[in-house]
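For reference, the structure is listed below as structure tokens.
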Amino acid sequence: MTGAQPRRAAQQKGKRTMSEPHEQFSSPLSMASADFLEAMHEQYRGDALSVDPAWRYVFRFLDEVCQPEAPSQQGLLQAELIRRFGHLQARLDPLELAQVQDPALLAGFLEHIASLDSGLAELRRAYQGGLAVETAHLHDFGLLNWIHERVERLPEAPTKAALIRAYERVVQSDEFERFLMRKFPGKKKFGQEGSEVVPVVLDSLLAQAARSGVTEVVIGTMHRGRLNLMANVLGKPIGRIFAEFKGAHPFAAQPSVAADVPYHLGHAGELEYEGRRMRVTLLPNPSHLEAVDPVALGLARWVQDHGSAQDGSQVLTIILHTDAAVIGQGIVAESLQLSAVPGYTTGGVVHVVVNNQIGFTTQADEGRSSHYCTDVWKAVQSLILHVNGEDMDAALQAANLAVAYRQSHGRDAVIDLVTYRRNGHNEFDEPRFSQPQLYQCVDARIPLRERLRQRLLQAGMLDLDSEAGFIAAYRNELEQAYQGAMTPTTPAAALPPARAVAVTHAETGAARVDLLHCLKLLVDIPAGFTLGERLLKQIQARALIEPGIAWPTAEALAFGTLLQAGLPVRLAGQDVVRGAFSHRHFHLVDVENGKRHVSLQALAQKGAKFDVINSPLSEYATLGFEYGYSLAAQPGLNIWEAQFGDFANGAQIVIDQFISSGEQKWLQSSGLTMLLPHGLEGQGPEHSSARIERYLQLCADDNIRLINPSTPANYFHALRAQALSISRKPLVVISPKTLLRLPAAISPLDDFLPGTRFAPVLTSGPQQHAQRLLLCSGKIAYELEDYRAAYGRDDVVVARLEQLYPCPEDALLRLMQAHPRARLVWVQEEPENMGAWQWYDRRLERMAASSGHPAPTFVYCGRPASASPAGSFHGRHAADQAAVVARAFDA
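Using the UniProt record's numbering, the first residue of the sequence shown is number 1, and each one after it goes up by one.
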């Protein structure tokens with residue numbers, strides 16, 4: 001067998017081929033004649049543009065990088081071919097099933113390498129063994145030189161101590177899985193069998209990271225092998241794992257929370273390597289594979305920005321993947337594209353792809369189109385290492401190389417760790433139904449534990465007495481942990497009802513002097529700084545406090561007063577620096593020289609930072625990143641804004657699996673704020689709806705705060721309350737578009753001063769005994785008030801529901817009691833099956849009945865149910881909107 005390739009095609013007699021048509025590729029090596037190469041190289045030297053671009057790259061590399069004392073032109077080319085394409089013949093598959101069909105281009109050059117001088121033979125050993133490196137995607141010669149120098153100087157074998165430690169990790173992995181299977185035969189555990197090398201690699205990564213000065217590590221991983229890693233590498237008490245399997249609640253102090261299965265839970269603690277201590281955080285994750293990736297990046301970035309590490313290289317992110325999951329709804333590709341973006345970079349991530357060559361029952365050729373599962377990493381100048389999971393030397397060398405590359409260059413490194421899965425997808429799945437030939441090979445394969453043991457015995461490295469003592473001690477540890485695990489708790493018959501609380505009960509006003517100071521700085525333009533005339537007028541208008549403060553200024557005041565108090569503010573999203581609606585302009589740009597001025601940064605005290613970051617055109621990865629950032633960012637304000645609220649559903653997995661449920665599942669609290677521009681304005685179905693109804697459907701257990709503020713002052717208080725609140729909850733803001741510039745949407749300065757706070761319900765009209773109570777939420781209130789004024793309907797009170805969740809029951813009850821005979825009407829611009837109506841309908845009826853109202857049923861007034869959230873013709877929209885408003889006064 002020549003080499004192994006982790007991508008499986010058709011199985012014939014237990015063998016796999018690599019001959020699919022889409023695998024063909026064009027290369028400068030398509031000719032097999034050395035004389036031809038010599039002539040082509042001479043042509044390149046005379047006129048580089050006269051040869052194919054692919055040839056140009058090879059010849060430029062040879063001329064600029066390769067040493068002039070190389071023995072011959074043919075030798076140089078042979079060496080470069082091995083470096084570039086040797087991975088295609090590397091021995092990567094531990095099952096030895098893959099038949100790599102040598103492309104003719106490669107065979108013609110590599111068939112005689114064994115007879116060449118010892119230097120090329122050493123290259124073949126370095127690039128075509130159990131460790132293979134890809135470099136053809138790199139265009140930075142400095143990176144290429146670094147990689148070649150280190151790969152070609154790797155020691156032939158690890159030290160005895162390293163191999164013994166590796167063997168111990170393999171033994172622990174194997175014993176742990178056997179123990180779980182024996183003690184918990186009816187439980188899913190998603191074991192590590194067949195990939196026992198993974199704990200060795202993670203342990204080696206952490207050890208190498210500690211040696212290189214890393215003090216904080218953030219880890220994201222899948223559920224397969226998670227329990228094993230927590231028990232044998234990351235230091236989670238094994239007794240706790242067993243107790244959770246027995247049914248004990250993982251959060252004994254919070255028994256009312258739902259919690260999650262053991263193989264989704266996280267762990268945090270300290271590890272020590274050679275006297276160097278590091279804090280390691282394994283994030284909890286859902287079964288939505290890869291969704292945790294940007295969350296880990298965000299948390300790591302917060303630690304870099306605000307933690308105790310002296311520089312970013314001391315904070316390392318490690319993410320483990322599986323080969324089938326890397327496609328992962330695109331989240332891997334999105335997250336990788338954040339790697340060098342200012343505001344998102346973490347100075348490189350070390351990735352480990354546990355390539356067990358199958359996904360549930362899906363084979364590699366059914367699961368991807370790329371040659372390797374790691375091809376997506378080629379986009380970001382990553383170090384890509386392919387490793388045979390049964391070659392312990394290669395695995396340890398790859399771990400050291402990956403950390404060194406990240407620490408040296410601040411870029412991602414990925415280890416494609418080719419293993420196999422000894423059991424099915426889970427412990428109850430039978431893989432032999434769908435892959436019988438593959439599992440004939442798996443069943444016949446000698447386990448890694450025995451292979452490594454035989455090697456150590458033959459080398460005289462393994463002391464049998466020490467081995468027996470180690471195994472006995474570990475088995476005893478497992479048994480003691482099992483016996484000491486707590487008995488399952490009996491769940492309560494019914495959970496106590498969740499307590500509905502307001503966004504804040506605290507006053508969040510700011511001192512007049514602070515507000516005026518902020519206003520002054522917002523309009524101060526540095527000397528010699530030139531702004532365009534239109535923008536200059538917009539900036540100068542911020543200083544006007546009469547007749548009132550507009551929405552953009554209120555937001556800037558919230559940020560500014562928090563910065564004055566020493567609290568950091570981070571605002572990220574698409575086009576947030578200027579604002580998608582051209583309303584912010586937090587970075588002023590000199591029209592003459594392009595220099596930037598950030599006025600709010602001058603307000604920052606006590607080291608607070610004001611970060612306003614334009615994100616890539618992504619929702620999934622960027623929202624996941626900000627959620628991860630928010631897990632530690634308290635106190636302070638951490639905001640993600642959707643360009644339009646409609647687009648946030650591109651990140652629905654983050655919203656469903658993390659933001660709305662993370663606290664109930666994992667006791668993972670977040671102070672993230674989401675701004676979702678919303679409002680029907682005749683702009684069509686893609687730029688109108690933040691899907692209020694979906695967020696309300698997620699609301700329970702006081703999990704999030706959902707508001708739809710309609711005044712600048714209320715928005716100001718909500719932001720300050722979120723930053724100052726002791727209770728960390730995600731805040732979802734249904735933010736406006738037209739209200740940003742609506743003349744009526746202003747608030748007097750007095751509404752921002754001490755003694756003021758967020759108001760969950762706002763009313764206008766008679767204070768008592770109105771004939772009609774119009775309850776609404778959002779910008780339609782202004783249209784209702786205009787209609788009331790135009791037609792003299794002083795008998796109508798318009799009430800705005802500013803806080804949608806938690807439901808402000810006390811305020812609504814007081815409102816209904818003040819108008820005991822009023823006709824009750826719910827008014828919304830959204831279709832009947834959308835907006836807040838469906839969620840509030842029965843709740844309002846119960847509240848009205850409890851208030852003693854004789855006719856407690858609310859009448860719905862709004863657009864009829866619709867499959868589309870909004871129409872796209874402005875004239876039709878205006879007519880429908882006017883009809884809704886008019887009907888509200890007569891329904």
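The C-beta atom is built at its ideal place from N, Cα and C for all residues, glycine as well.
- Under the DSSP definition of a beta bridge, S735 partners with P677.
- Counting other Cβ atoms within 10 Å of its Cβ, P158 reaches 16 or more and is therefore classed as buried.
- A distance below 7 Å between beta-carbons, with the five flanking residues on each side excluded, links A781 to the following residues of its chain, in chain order: S710, V798 and R800.
- Under the DSSP assignment, T622 falls in the alpha helix (DSSP H) whose first and last residues are Y620 to S630.
- The criterion of a C-beta distance shorter than 8 Å is satisfied by V761 and E802.
- Cβ contact annotation for P250 (same chain, cutoff 7 Å, sequence separation greater than five): E244, A259 and L265, in chain order.
- Judged by DSSP in its simplified three-state form, L698 adopts helix.
- Taken atom to atom, the span from the alpha-carbon of L522 to that of L749 is near 16 Å.
- In the DSSP assignment, W146 falls within the alpha helix (DSSP H) that extends over F141 to V151.
- By alpha-carbon distance to D174, the top candidate from L742, H148, A161 and L229 is L229.
- The residue from H288, G684, Q574 and H583 with its alpha-carbon nearest to that of R534 is H583.
- Residues of the same chain with their beta carbon placed closer than 6 Å to that of L724 are lacking, with the five preceding and five following residues left out of the count.
- One Cα belongs to T221, the other to N593, and the distance between them is close to 46 Å.
- Here D140 is exposed, its C-beta having fewer than 16 other C-beta atoms within 10 Å.
- Along the stretch 499-573, the beta strand (DSSP E) occurs as fully enclosed runs of 3 or more residues at 569-573, listed in sequence order.
- Using a Cβ distance threshold of 8 Å, E626 and N638 count as a contacting pair.
- In this structure, the straight-line span from the alpha carbon of R226 to that of G628 is close to 20 Å.
- Apart from the 5 residues on each side of it in sequence, R788 sits with its Cβ closer than 6 Å to the Cβ of V796 in its chain, given in chain order.
- DSSP, reduced to helix, strand and coil, places R276 within a strand of the structure shown.
- Out of A324, G348, V233 and G389, the CA that lies nearest to the CA of T361 is found in A324.
- Close CB contacts of R277 within its chain, under the 6 Å cut and outside five residues either way in sequence, are with E270 (chain order).
- For the beta strand (DSSP E) assignment, the uninterrupted runs of no fewer than 3 residues enclosed by the stretch 748-789 are, from N- to C-terminal side, 761-764 and 772-776.
- A buried status is given to I219, since no fewer than 16 other beta-carbon atoms sit within 10 Å of its beta-carbon.
- Under DSSP, R800 forms a beta bridge with L762 and C776.
- Closest option to G75, judged by alpha-carbon separation, among W551, A510 and E38: E38.
- Following the DSSP letters along the chain, one finds R823 inside the beta strand (DSSP E) bounded by residues R823 to P831.
- Going by C-alpha positions, I704 is about 20 Å away from A572.
- When secondary structure is reduced to three states using DSSP, E216 falls in the strand class.
- Shown here, V589 sits in a strand according to DSSP, grouped into three states.
- In the DSSP assignment, C861 falls within the beta strand (DSSP E) that extends over V859 to R863.
- Spatial neighbours of Q329 in its own chain (CB-CB distance under 6 Å, excluding positions within 5 residues in sequence) are not present.
- Sequence-distant partners of T673 (beyond 5 residues in either direction) whose C-beta falls short of 6 Å from its own C-beta, in its chain, are I639, Q722 and L731.
- Bridge partners of A132 according to DSSP: H386.
- When rounded, the separation of the alpha-carbon atoms in L143 and L617 is 29 Å.
- Sequence-distant partners of L562 (beyond 5 residues in either direction) whose C-beta falls short of 7 Å from its own C-beta, in its chain, are V569, L637, R720 and A723.
- Under the DSSP definition of a beta bridge, D305 lacks any partner.
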